[in-house]
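Residue numbering for the sequence shown follows this note's numbering, beginning at 855 and increasing consecutively. Below is one structure, written out as structure tokens, with a few remarks after it.
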Amino acid sequence: MASAATTRQERPSIYTRLPQLPRPTGPGVNVGEAERWISLLGGGALALYGLAKGSWGGLALSVVGGSLLYRGATGHCSLYRTLGITTAEPRSSAASIPADYGVKVERSVLINRSPADLYLVWHNFENLPRIFRHLVSVRSQGNRSHWVAKGPLGTEVAWDAEIINEKENELIAWRSLDNAQVDSAGSVHFTPAQGGQGTEVRVVLKYNPPGGKIGSLVARLFGEEPGQQISEDLQRFKDWMETGTRLTNPSRTSSQGK
855 MASAATTRQE RPSIYTRLPQ LPRPTGPGVN VGEAERWISL LGGGALALYG LAKGSWGGLA
915 LSVVGGSLLY RGATGHCSLY RTLGITTAEP RSSAASIPAD YGVKVERSVL INRSPADLYL
975 VWHNFENLPR IFRHLVSVRS QGNRSHWVAK GPLGTEVAWD AEIINEKENE LIAWRSLDNA
1035 QVDSAGSVHF TPAQGGQGTE VRVVLKYNPP GGKIGSLVAR LFGEEPGQQI SEDLQRFKDW
1095 METGTRLTNP SRTSSQGK
């Protein structure tokens, strides 16, 4: 784990020989210098390659390349904004998942508790398996955590993650570390409801299945209807916080029984 952290800290040095890009202004800037260079260089190459192919597939590649060029030129990423992520500040790292890949789920629920109460429960990631049934366990280690999730046929996948953005009683955002089995990012937002009637809890999750055998497992982490499963999990969380109903997770129980 220490070596992975060292790699991420050294990565920006690759771009020190490149000229500094003009710094965009405005509240929407959330992409750092190194990532902007990657987007500009990669997007330009992809756009030119797509145009050279002269086919519908090439046109699609050109469109993707144009999107990357826009990202690099403006320093703005819509996915980062949704997840509450920014790499424009020195403390941040590159997000785990490119905008055009992976499975994205966004759901919300209104809970009759204060943002502070709900934030306190979420800030301890070890509570998450009590909410999300696809999680077997989460072990916190400061700002980092180790996640284990269930796959089909009794399999399990594991990865390490870190908190990359947090605002007390408002937002928690996290992402998987480099070289993880599962590329993932997520955030939870706590917004006071109008009239003081509880709190809207909005969850955004994104998973990018890697290739090969592990990819076929991760692709089914959420089942056929991931949005429906997350909605049901959030309803369970609502019942827990409003009525004190004890939550049980079959995945966690079976894992502990092994």
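Heads up, the beta-carbon is just placed ideally off N, CA and C, and yes, glycines get one too. Fair warning: this is a prediction, and the values are worked out from it, not measured in the lab.
For residue i, report the span of its beta strand (DSSP E) as first-last.
i: S991; result: 989-995
Which same chain residues end up closer than 6 Å to residue i when comparing Cβ atoms and leaving out the 5 residues on each side of it in sequence?
i: T1045; result: E1054
i: T1097; result: none
i: R945; result: Annotation note: pLDDT 39 at R945 (below 50); position unreliable, coordinate value reported separately. No residues qualify anywhere along the chain.
i: A970; result: N1023
i: V1042; result: W976, I1026, V1057
i: F1091; result: I985
i: S893; result: L922, R925, G926
i: N981; result: V975
i: T1099; result: D1093
i: A906; result: none
Once you ignore the five residues that flank residue i on each side, which residues in its own chain have a CB closer than 8 Å to its CB?
i: S962; result: E1054, V1055, R1056, V1057, L1088
i: E1010; result: V990, V1002, A1003, K1004, S1109
i: E1020; result: H977, I1026, A1027
Could you name the residues that DSSP lists as bridge partners for residue i?
i: F1044; result: V1055
i: E1016; result: R998, R1029
i: V959; result: L1059
i: I965; result: T1053
i: K1004; result: E1010
i: S1038; result: Y1061
i: K1021; result: L1025
Can you give me the Cβ contacts of residue i inside the same chain, cut-off strictly under 7 Å, excluding the 5 residues immediately before and after it?
i: H930; result: G882, V883, N884, V885
i: F979; result: V992, S994, S999
i: G1077; result: Note that G1077 scores a pLDDT of 48, beneath 50, so its modelled location is shaky; the value from the coordinates is reported in the next line. Correct list, in chain order: Q1083.
i: F986; result: D1087
i: A901; result: S916, G919, G920, L923
i: N997; result: E1016, I1017
i: S1085; result: R961
i: G1081; result: V959, R961
i: G896; result: L922
i: L913; result: G904
i: S968; result: T1053
Output the boundary residues of the alpha helix (DSSP H) element that contains residue i.
i: S893; result: 887-907
i: A1034; result: It is not in any alpha helix (DSSP H) - A1034 carries neither H nor E in the DSSP assignment.
i: T928; result: 910-928
Can you tell me whether residue i sits near the ligand ATP, meaning its C-beta is under 7 Å from at least one heavy atom of the ligand?
i: I985; result: The model on display carries no ligand, and the ligand ATP is accordingly not part of it.
Since I believe residue j is in contact with residue i (beta carbons under 8 Å), could you give me their beta-carbon distance rounded to a whole number of angstroms?
i: L923; j: G904; result: Contact doesn't hold; Cβ gap of about 12 Å is too wide.
Can the beta-carbon of residue i be found less than 8 Å from the beta-carbon of residue j?
i: W1094; j: I1026; result: no
i: P983; j: L974; result: no
i: L1114; j: A1012; result: Missing from the structure shown is residue 1114; the chain here goes from 855 to 1112 and no further.
i: A1047; j: L964; result: yes
i: N966; j: G911; result: no
Quick check on residue i - is its C-beta less than 8 Å from some C-beta in chain B?
i: F1044; result: Looking at the structure shown, chain B is missing, and only one protein chain is on hand.
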